[in-house]
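J.:
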Amino acid sequence: RFSRLEAAVRLAIAGNLLDVAAKAQLGDDTVQAAFGTALSAPLLGSIAEFSEAIQNARHILYLADNAGEIVFDRDLLAQLPLGNFAVVVRGAPVLNDATLADAQRAGLAEFCELATNGSDAPGTLLEDCSPDFRARFEAADLIIAKGQGNYESLVGTDKHIFFLLKVKCPVLAESLQCPCGSLVLHHQLAVEV
């Protein structure tokens with residue numbers, strides 16, 4: 335029913351349910367319902383635009399979110415062009431965000447280079463990130479950013495970004511102009527100079 339890319343995007347977004355900061359108790363029924371929803375709910379955003387951006391990108395940064403959900407990013411990562419992307423995780427443990435050790439355990443190194451942002455802040459606060467990460471961020475012509483923290487900290491930056499997230503609160507729903515629970519592939523274009 336879906337293209338392989340759309341199925342992978344939906345799975346990656348559904349994995350965003352595993353944010354224990356948003357849901358303290360996740361039973362099997364809740365997880366199964368989330369993945370069922372990922373396959374049946376509308377996806378707000380354009381898979382065609384996302385596919386074209388991936389194909390045209392010279393260097394992609396994939397900003398991971400939570401430790402538990404990065405295993406659900408694997409199928410999407412396997413579809414990105416080899417050799418021109420890196421997965422970035424937090425520089426130190428914070429909340430339940432993914433670290434380098436988590437990414438290695440999830441087997442992500444088989445797809446790409448792994449790097450850290452050098453920060454222990456939730457989201458991606460550029461002023462708190464390492465010089466190496468900031469250079470990578472500036473050099474990337476496409477950013478794929480998972481989760482609410484990355485959305486909140488990077489929306490409005492002058493970068494070409496696709497945000498992949500599940501809307502979990504009314505504030506985010508208002509910002510994205512969609513209902514809570516929505517699966518979102520939000521496209522932000524860089525400002526042309």
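Numbering (this note's numbering), first residue to last: 335 to 527. Just so you know, even glycine gets a beta-carbon here, dropped at the ideal spot from N, CA and C. Please read all numbers here as calculations on a predicted model, not as lab measurements.
1) Measure the alpha-carbon distance for C446 versus D409 and round it to whole angstroms.
2) Return the CA-CA distance between D407 and D475, expressed in angstroms with no decimal places.
3) By the three-class DSSP mapping on this structure, what secondary structure does E447 have?
4) Along the chain, which unbroken stretches of the alpha helix (DSSP H) at least 4 residues long are found entirely within the stretch 375-448?
5) Helix, strand or coil for A455, going by three-state DSSP, please let me know.
6) Nearest to S380 by CA position, among R392, L411, V343, is which residue?
7) Mapping the DSSP letters down to three states, classify A355 as helix, strand or coil.
8) Whole-angstrom Cβ separation of A437 and A398, contact assumed at under 8 Å?
9) To which residues does DSSP link I477 through a beta bridge?
10) Would you tell me roughly how many angstroms separate the C-alpha atoms of D492 and F419, rounded to the nearest one?
T.: Let me spell this out:
1) Within the sequence shown, numbered from 1, the residue matching residue 446 stands at position 112. Within the sequence shown, numbered from 1, the residue matching residue 409 stands at position 75. Distance between the alpha carbons of C446 and D409: 13 Å.
2) One-based indexing of the sequence shown puts residue 407 at position 73. One-based indexing of the sequence shown puts residue 475 at position 141. Answer to the nearest angstrom: the Cα atoms are 20 Å apart.
3) Taking the sequence shown and counting its residues from 1, the one referred to as residue 447 is at position 113. Strand at E447.
4) 381-390, 408-412, 434-439
5) On the sequence shown, position 121 is the one that residue 455 refers to. If DSSP states are grouped into helix, strand and coil, A455 belongs with coil.
6) Along the sequence shown, read from residue 1 onward, the residue named residue 380 stands at position 46. If we check each option's Cα against that of S380, V343 comes out closest.
7) Numbered from 1 along the sequence shown, position 21 holds the residue referred to as residue 355. Residue placement at A355 cannot be trusted, given a pLDDT of 45 that sits under 50; what the coordinates show is reported in the next sentence. Note: A355 maps to coil in three-state DSSP.
8) Position 103 of the sequence shown, counted from the first residue, corresponds to residue 437. Position 64 of the sequence shown, counted from the first residue, corresponds to residue 398. About 7 Å; that satisfies the 8 Å criterion.
9) By 1-based counting over the sequence shown, the position of residue 477 is 143. Its beta-bridge partners are L395, I495.
10) Position 158 of the sequence shown, counting from 1, holds the residue named residue 492. Position 85 of the sequence shown, counting from 1, holds the residue named residue 419. Rounded to the nearest angstrom, the two C-alpha atoms are 19 Å apart.
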